[in-house]
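J.: Encoded as structure tokens, here's the structure I'll be asking about.
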Amino acid sequence: MRGILADKRGFAFSLDILLALIPLTIMLGMLAADMDNIMYLTQSTIYQSALDRQASDIADALVETSGVPPDWEQLGNPQSIGLARYDPVRNMPQKNYLSPAKIAGINTTNMGELVGPEYGYYINISTTEGLTVRTLGTLNTSAPDIARVERYVLTTNVERVGSIEGLIRDAGQPRTYTTNFPTNEAYLRIYDYWVLVINRGYDSAFVDVNNNRVVPPNEINRHITEIKKQINETYLYNNTTFRDNILSVRTQSNPGASMDVYILAAPKGTPPDQITLDNVRLRPARFVLYLWLK
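If you count the sequence shown from 1, you need to add 757 to reach this note's numbering.
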């Protein structure tokens, strides 16, 4: 009798195992059938992670370093590029503070050397107000995997590249004041250049750039305190390397009068009402990099 009961327990135990093995067998079968998809997803995750790291490293190199040499945008032929302003006093880059000159200086050649020939890229730098500062490259929306990296940075809507301040005062006779500011072909592709005159009492003066009249005497009036004029691009040097343009201001003798003259560079398409000294101050901006494997 005890033997029969023992046999029954063994039978029940075997049946339990069998019932448990059925779903396990089904799961193993499904797993085997879907192994290719699992392997693909695993590889895709690993690849995307590596792409994200590469994009992050490139973005950090651009916004946190000034490049080698640090004034590569003036010298050309950089060993590596970076967009951060360089502080010559501290002898170090100012991280996340982008130089408009360096932004203008990046091109497909030096950017391609940074990312490598196996990658495609697209860069968009814009102010938080929505004004596009610079784009470079073409976004390939059909690429199977695209890494996107965004950095919040500081830059200026308008950059002061030359000025004569507090020097133009009554001297008893007409006087000519000069200063210079550099341009090259790359800068002229990106920037418009403006003359901004802050007049305090003069009723006759003129402003020239490279001996080309920008502000004629009849537009200087002691009742007009601010004059802004876009400089004709043909007046400016567009060599491959930088060359200094000469700003000349000649004033007549006006007792008690003074005048400040600024050369401002703004991204092409910036409306005239944005050409102000207030917009020379630093503003927050977005740096966005897209990266994909070609």
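Every residue, glycine too, gets a C-beta built ideally from N, C-alpha and C.
Fair warning: this is a prediction, and the values are worked out from it, not measured in the lab.
DSSP three-state label for residue 902, please.
T.: Here residue 902 sits in coil by DSSP.
J.: Is the region 942-957 in contact with the region 982-1000, if contact means three or more CB pairs nearer than 8 Å?
T.: Contact holds: three or more Cβ-Cβ distances are below 8 Å.
J.: Which residues mark the beginning and the end of the beta strand (DSSP E) in which residue 863 is found?
T.: Careful: residue 863 lies outside any beta strand (DSSP E) and carries neither H nor E.
J.: Hey, is the region 970-988 in contact with the region 892-910, meaning 3+ C-beta pairs nearer than 8 Å?
T.: Because the criterion of three Cβ pairs below 8 Å is not met, the region 970-988 and the region 892-910 do not touch.
J.: What do you get for residue 761, buried or exposed, if any count of 16 or more other CB atoms within 10 angstroms of its CB means buried?
T.: The predicted model places residue 761 with a pLDDT of 46, which falls under 50 and marks its position as unreliable; any figure quoted below should be read in that light. By the neighbour-count rule (16 or more Cβ atoms within 10 Å), residue 761 is not buried but exposed.
J.: Relative to the C-alpha of residue 1040, which candidate in 849, 1032, 884 and 814 has its C-alpha closest?
T.: Of the listed residues, the one whose Cα sits closest to residue 1040 is 884.
J.: Excluding the 5 residues flanking residue 815 on each side, which residues of the same chain have their C-beta closer than 7 Å to its C-beta?
T.: If we look at residue 815 and ignore the five residues flanking it on each side, its Cβ neighbours are 871, 872, 1046 and 1048.
J.: Which value, in whole angstroms, describes the spacing of the CA atoms of residue 823 and residue 868?
T.: Their backbone Cα atoms lie some 14 Å apart in a straight line.
J.: Going by the beta-carbon positions, is the gap between residue 835 and residue 825 smaller than 8 Å?
T.: It is a contact, given that the beta carbons lie within the stated cut-off.
J.: Do you know how far the Cα of residue 848 is from the Cα of residue 931?
T.: Roughly 42 Å separates the two Cα atoms.
J.: Please list the terminal residues of the continuous beta strand (DSSP E) segment that includes residue 841.
T.: Its beta strand (DSSP E) spans residues 841-844.
J.: Kindly indicate which three-state DSSP category residue 959 falls into: helix, strand or coil?
T.: Three-state result, residue 959: coil.
J.: Between residue 1052 and residue 1024, is the Cβ-Cβ spacing less than 8 Å?
T.: Only positions 758 to 1051 of the chain appear in this structure, which leaves residue 1052 out of reach.
J.: How many angstroms separate the CA atom of residue 858 from the CA atom of residue 900?
T.: Cα to Cα, residue 858 sits roughly 32 Å from residue 900.
J.: Helix, strand or coil: which one does DSSP assign to residue 1009?
T.: It is coil, neither helix nor strand.
J.: Please return the same chain residues whose Cβ sits closer than 8 Å to the Cβ of residue 985, not counting the five positions on each side in sequence.
T.: Same-chain partners within the cutoff: 951, 952, 953, 954, 1029 and 1032.
J.: Should residue 874 be labelled buried (16 or more other beta-carbon atoms within 10 Å of its own) or exposed?
T.: Under this definition residue 874 is an exposed residue.
J.: Relative to the alpha-carbon of residue 841, which residue among 864, 831, 833 and 817 has its alpha-carbon at the smallest distance?
T.: Out of 864, 831, 833 and 817, 817 has the C-alpha closest to the C-alpha of residue 841.
J.: Helix or strand or just coil, what does DSSP make of residue 991?
T.: Residue 991: helix per DSSP, three-state reduction.
J.: Comparing C-alpha positions only, which one of 949, 999, 865 and 963 sits nearest to residue 1005?
T.: When each option's Cα is compared against that of residue 1005, the closest is 963.
J.: Give the secondary structure of residue 869 by DSSP, where H, G and I count as helix, E and B as strand, and everything else as coil.
T.: In the structure shown, residue 869 sits in a helix (DSSP, three-state: H, G or I).
J.: Could you spell out where the beta strand (DSSP E) holding residue 932 opens and where it closes?
T.: Run containing residue 932: 932-940, per the beta strand (DSSP E) assignment.
J.: Does the separation of the CB atoms of residue 1018 and residue 882 fall below 8 Å?
T.: Cβ distance not < 8 Å, so residue 1018 and residue 882 don't count as in contact.
J.: If you compare alpha carbons, which of 1007, 1026 and 865 is closest to residue 887?
T.: Selected option, being the one with the closest Cα: 1026.
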